[in-house]
Amino acid sequence: MFLHIGNSRVVSTEEIVGIFNLELKDNQINTQFLESFPGDELTKKEEENSNTFIITPEKVYFSPISPLTLQKRIEKKWK
């Protein structure tokens, strides 16, 4: 099953390790993790338009959709 995360992107739900509110990025440990994680750099414009970061084993995705909405989408597909 796939989850639409906004910006014309989808991620396999089997690959998702976690979905987090972008406000948690301000925590020092999370900032260090995101900076050290391989993948795309977060541009200032992307950061302003994002509410969520989604972690998979291969990449961190940023999404304008709230974590709660993404969670509801996953739950709805499992029913």
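The opening residue of the sequence shown carries number 174 in the numbering used here; numbering runs sequentially from there. The beta-carbon is built from N, C-alpha and C at its ideal position, and this holds for glycine as well.
- Quickly, what does DSSP pair Val184 with across the bridge? List them, please. Sequence index remark: in the sequence shown, residue 184 carries index 11 (1-based). Val184 is bridged to Leu176.
- Task: On the DSSP bridge assignment, give the partners of Asn222 in chain order.
- Result: Numbered from its first residue, the sequence shown carries residue 222 at position 49. Asn222 is not bridged to any residue.
- Task: Can you tell me which of Glu187, Arg182 and Ser181 puts its alpha carbon nearest to the alpha carbon of Ile247?
- Result: If you number the sequence shown from 1, residue 247 lands on position 74. Closest by alpha carbon: Glu187.
- Item | Delimiting residues of the alpha helix (DSSP H) encompassing Ile202 | Taking the first residue of the sequence shown as position 1, residue 202 is located at position 29. It spans Gln201 to Ser209 - the alpha helix (DSSP H) in which Ile202 sits, taken as one unbroken run.
- How big is the Cα-Cα spacing for Val190 and Lys249? Numbered from its first residue, the sequence shown carries residue 190 at position 17. Numbered from its first residue, the sequence shown carries residue 249 at position 76. Going by the C-alpha atoms only, they are around 18 Å apart.
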